[in-house]
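Asks:
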Amino acid sequence: KIFHSRDHSDVEIAPSHQAELITDRDTAEQFLLKYGFLKPVNSEKAQSSSTDMPTDAAISLEDTVAFVQEGPSSSRSGTPENSSEISDFSEALREFQRLSGLPVTGLLDDATRTSMNKPRCGVPDKEEKLIETLESSLIEKRHLAAPVRKIR
Amino acid sequence: RKRAAGKWGHMAFSKSVLTWRLIGEGYSTQLSVDEQRYVFRLAFRMWSEVSPLEFEENLYSPLEEIDIRLGFGTGRHLGCVQRFDGAGREFAHAWFLGDIHFDDDEHFTVPNTGDGISLLKVAVHEIGHVLGLPHVYRTGSIMQPSYRPQDSTFELDWLDRKAVQYLYGGCKGRFSTVFDWVRKERTQYGEVVVRFSTYFMRDDWYWLYENRNNRTRYGDPVSVRVGWHGIPPAGVDAYVHVWTRRTDAAYFFKGVKYWRYDNENDQAFSEDPDGQHYPRLISEGFPGVPAPIDTAYYDRRDAHIYFFRGSMVYRFDVRANQLAAGSPRKITELFPPIARGDHPVSNLDAAYFSYTHNALFLLKGTSYWRVVGNRDHRLKASLPHNGLLPRREVDQQWFDICDVHVSTLK
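Protein sequence lines, in the order shown, are assigned to chains G and R. Quick note on numbering: the numbering used here labels position 64 of the first sequence as 65, and the sequence is numbered without any gaps. Quick note on numbering: the numbering used here labels position 101 of the second sequence as 134, and the sequence is numbered without any gaps.
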């Protein structure tokens, strides 16, 4: 812009546009889930969770919207229900710390939170298997579902 | 059309010229459209310089025919399934073999701005994803998931180059000529030192090859017209450097003519210190040598120029200024194969004496044959004089000499 508003309202980013910071276990879990360090629980059911990245343009928006509505199971966002979830979480945290060159503590410490809050790319770090399961499930779905209309 | 079955890190485009476009409804509100397109053009070029892929900005075809579409957006954007999260954290994402989205809530800046997030660096990273590369947690890799503020001169390192070449193969191609350009320079203490740089020429562009870094100069290829003044702008047949105690002359050959190059002033002579006017006919300067030639080199051991044409080689005695006795001879005779049948036979692309390797190489197509040298003889006396060692691929010796799309040539 050549001219900005006198009150700088158009330059300062409105709070609503600030990314939510990683501060607690919940937001950390979302981060680890999104970037592939945590696998969705009941992966069969949640095979097409919202963290899956469609693999090419041939997937229609309708398919993906349907997937988003299913989303990761809510059980992930509440308090841990059993010890296996706790170990999954700390194991995922440990792997993230290891890859990021942080002290591997398995705890959501300051250094880990700072690293999680860095600007980064939205592509998952670990998605090899996800892609495969995604592709196979989608291909099956395609054969079963009604003909897909290409919407971009 | 665009996919190959396989796993993350193994899928790739199945064609070598890819089109891209910054889509109209996805312009950033922070940078001018020209700045955005300039940065993306540079980002694609950086991948083109290290892979056989070429990228062309296409502003005209229907959008669904464009291979890679780029756009900016905030929150829910461009029909994408993945919302952006506002300023901070996620600044961009890419879809396999397809689109790249940038979060316009981030403070993207053009190169050399210093602050903000370098759009160039993020674009190169996301294009890496589109080409099929996963995240890598290796320091120095452009494919690290987190943004690392760095000086604006970042480049694709060796392993990033190997990763993209693992998917798309190395850069192969024929060369018009290859040579070491030798020049004398004075140090700050007034000493005269001799330096050389290695150049590969192909049609109307060239690369400077940095032997110590095993790669071409960052940003190459460059147009011959830009870098070499006064010589033919394309299709040079040969470069010959006659270097004796009394003579230090560099010549470019093309067709039936040749030019002498003025190293001091970095341009071709129109009249050299001896009063010769250029360009000159090859038949005048080198009587008995046919034109055009395929290639040529000067051998300091016997002070002869070897001109190659078809399956023959013409030895020219520089001191006597005439063809040596017995010329021409068959290339297979003068440079016999060591492995039966492993010989370029005729129509060489380049005969290149490398000061780095202290060896002569004969190049043809994508292969080269190294000529047996004195050191080889010391190790194995039975080797024939000037014998050709078995062929190897040029891109296994000189790395990343890659074309770029003609629209991005400087």
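Ideal placement from N, C-alpha and C gives every residue a C-beta, glycine not left out.
Report the residues of the stretch 108-121 of chain R with a CB closer than 7 Å to any CB of chain G, ordered along the chain.
Replies: Cβ contacts with chain G: G112, V114, Q115, D118, G119, A120, G121.
Asks: Output, in chain order, the set of chain G residues within a Cβ distance shorter than 9 Å of F124(R).
Replies: Near F124(R) (Cβ distances below 9 Å), the residues of chain G are P120, R121, C122, G123.
Asks: Compute the distance between the beta-carbons of H438(R) and V72(R), then report whether it is under 8 Å.
Replies: No, the pair does not count as a contact, with Cβ atoms beyond the cut-off.
Asks: Could you list which residues in chain R have their beta carbon closer than 8 Å to that of S101(G), in chain order?
Replies: In chain order: Y170, S179.
Asks: Any beta-carbon of chain G closer than 8 Å to the one on D138(R)?
Replies: Cβ-Cβ to chain G under 8 Å: yes for D138(R).
Asks: Can you grab the Cα-Cα spacing for the pair N419(R) / I364(R), in whole Å?
Replies: Roughly 10 Å separates the two Cα atoms.
Asks: Give the residues of chain G in contact with H158(R), contact being defined as C-beta atoms less than 7 Å apart.
Replies: What H158(R) touches in chain G: C122.
Asks: Chain G beta carbons: is any one of them nearer than 8 Å to that of I101(R)?
Replies: Taking Cβ atoms only, chain G never reaches closer than 8 Å to I101(R), which makes this a no.
Asks: Got a sec: which bits of the stretch 247-279 of chain R sit with their beta carbon under 8 Å from any beta carbon on chain G, in order along the chain?
Replies: Taking 8 Å as the Cβ-Cβ cut-off against chain G, none of the residues of the stretch 247-279 of chain R qualify.
Asks: If you reduce the DSSP assignment to three classes, tell me which class G123(G) lands in.
Replies: If DSSP states are grouped into helix, strand and coil, G123(G) belongs with coil.
Asks: What is the DSSP secondary structure of T52(R), counted as helix, strand or coil?
Replies: Correct three-state label for T52(R): strand.
Asks: Output, in chain order, the set of chain G residues within a Cβ distance shorter than 7 Å of A127(R).
Replies: Neighbours of A127(R) on chain G, chain order: V124.
Asks: Look at A324(R) and V289(R) and say whether their C-beta atoms are less than 8 Å apart.
Replies: Yes, the pair counts as a contact, with Cβ atoms nearer than the cut-off.
Asks: For Q19(G), decide whether its Cβ has a neighbour in chain R, counting only Cβ atoms nearer than 8 Å.
Replies: Output row for Q19(G): interface = yes.
Asks: Is the stretch 171-181 of chain R in contact with the stretch 387-399 of chain R, if contact means three or more CB pairs nearer than 8 Å?
Replies: Not touching, per the Cβ criterion.
Asks: Mind the definition here: the stretch 256-270 of chain R touches the stretch 225-243 of chain R only if three or more C-beta pairs lie below 8 Å; say whether that holds.
Replies: Output reads yes: the stretch 225-243 of chain R touches the stretch 256-270 of chain R.
Asks: Closer than 8 Å, CB to CB, is I56(R) near chain A or not?
Replies: Absent from the structure: chain A. Protein chains present are G and R.
Asks: Under a three-way DSSP split, which group does K451(R) fall into?
Replies: Residue 451(R) is absent from the model: chain R starts at 34 and stops at 443.
Asks: Counting only beta-carbon atoms, is I434(R) nearer than 8 Å to chain G?
Replies: So no, I434(R) is outside the interface.
Asks: Can you list, in chain order, the residues of its chain with a C-beta nearer than 6 Å to that of Y284(R)? Leave out the 5 residues immediately preceding and following it.
Replies: These residues qualify, in order along the chain: V273, Y291, R293.
Asks: State the start and end residues of the unbroken beta strand (DSSP E) segment that holds W431(R).
Replies: Careful: W431(R) lies outside any beta strand (DSSP E) and carries neither H nor E.
Asks: Determine whether the Cβ of H162(R) lies closer than 8 Å to any Cβ atom of chain G.
Replies: Yes, H162(R) counts as interfacial toward chain G.
Asks: Taking 8 Å as the limit between beta carbons, can you name the residues of its chain near L381(R), skipping five residues before and five after?
Replies: D327, T328, F341, I364, L395, L396, K397, listed in sequence order.
Asks: Verify whether the separation of the beta carbon atoms of Y454(R) and W276(R) is less than 8 Å.
Replies: This structure gives no information on residue 454(R), because the portion of chain R shown stretches from 34 to 443.
Asks: State the CB to CB distance for the pair T127(G) and F38(G), rounded to an integer number of angstroms; the pair is presumed to be in contact (CB under 8 Å).
Replies: Reading the sequence as shown, one finds Lys at residue 127(G) and not Thr. Going by Cβ atoms, the distance from K127(G) to F38(G) rounds to 6 Å, so yes, they are a contact pair.
Asks: Can a CB atom of chain G be found closer than 8 Å to the CB of I315(R)?
Replies: No, no contact with chain G.
Asks: Quick one, are the C-beta atoms of M345(R) and P369(R) less than 8 Å apart?
Replies: Result no, Cβ atoms of M345(R) and P369(R) do not sit closer than 8 Å.
Asks: If you run the structure through DSSP and keep just helix, strand and coil, what is L241(R)?
Replies: Residue state, collapsed to three classes: strand.
Asks: Any beta carbon from chain G within less than 8 Å of I150(R)'s own beta carbon?
Replies: Closer than 8 Å: yes.
Asks: So who's on the other strand from W448(R), going by DSSP bridges?
Replies: Residue coverage of chain R in this structure runs from 34 to 443, which leaves residue 448(R) outside it and unanswerable.
Asks: If you compare alpha carbons, which of L192(R), T220(R), N391(R), W240(R) is closest to V211(R)?
Replies: The shortest Cα separation from V211(R) among L192(R), T220(R), N391(R), W240(R) belongs to W240(R).
Asks: What number of angstroms, rounded off, separates the C-alpha of H257(R) from the C-alpha of L109(G)?
Replies: Rather than His, the amino acid found at residue 257(R) in this sequence is Val. The alpha-carbon atoms of V257(R) and L109(G) are separated by roughly 57 Å.
Asks: Would you tell me roughly how many angstroms separate the C-alpha atoms of P73(G) and D433(R), rounded to the nearest one?
Replies: Note that P73(G) scores a pLDDT of 34, beneath 50, so its modelled location is shaky and nothing firm can be said.
Asks: To the nearest angstrom, report how far apart Y251(R) and W53(R) are at their CA atoms.
Replies: Going from the Cα of Y251(R) to the Cα of W53(R) covers about 23 Å.
Asks: Out of E90(R), W80(R), F187(R), which has the shortest C-alpha to C-alpha gap to G165(R)?
Replies: Comparing Cα-Cα distances from G165(R) to each of E90(R), W80(R), F187(R), the minimum goes to W80(R).
Asks: What would DSSP say about I133(R), mapped onto helix, strand or coil?
Replies: Note: I133(R) maps to strand in three-state DSSP.
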